[in-house]
Amino acid sequence: MEFFSFLMNDVLSEPAVLVGLIALIGLIAQKKPVTECIKGTVKTILGFIVLGAGAGLVVSSLGDFATIFQHAFGITGVVPNNEAI
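All letters in the sequence shown, in the order written, are residues 10 to 94 by my numbering.
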């Protein structure tokens, strides 16, 4: 029971791992070789992590631009963050 709790709370709660698992299931369904399944899963997980880092960088840059626009033009606004990663 403790292993199941660890699996659900710590492993599958990470979005990159969950998307990697979905990719692995798809590769297995396509009957790809084991090496391709491993490579595809790792590439998917790393790509998802890089995508999340890039999105965080863009959002932080937009926050800085909001401050610049506020001082330059005297306007106030909000930078929406709809990031689910």
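Virtual Cβ for every residue (Gly too), placed ideally from N, Cα, C.
Fair warning: this is a prediction, and the values are worked out from it, not measured in the lab.
(message) Does the structure place the region 19 to 37 close enough to the region 54 to 63 that three or more beta carbon pairs sit under 8 Å?
(response) Touching, yes.
(message) What does the alpha-carbon distance come out to for the pair I31 and A38?
(response) Indexing the sequence shown from 1 puts residue 31 at position 22. Indexing the sequence shown from 1 puts residue 38 at position 29. C-alpha of I31 to C-alpha of A38: approximately 11 Å in a straight line.
(request) Determine the burial state of L71: buried for a count of at least 16 other Cβ atoms within 10 Å of its Cβ, exposed for fewer. (result) Your numbering for residue 71 matches position 62 in the sequence shown. The C-beta of L71 has fewer than 16 other C-beta atoms within 10 Å across all chains shown, which makes the residue exposed.
(request) Pick out the complete alpha helix (DSSP H) segments inside the region 12 to 92, 4 residues or longer, and give them in chain order. (result) Complete alpha helix (DSSP H) runs here, min 4: 24 to 38 and 43 to 82.
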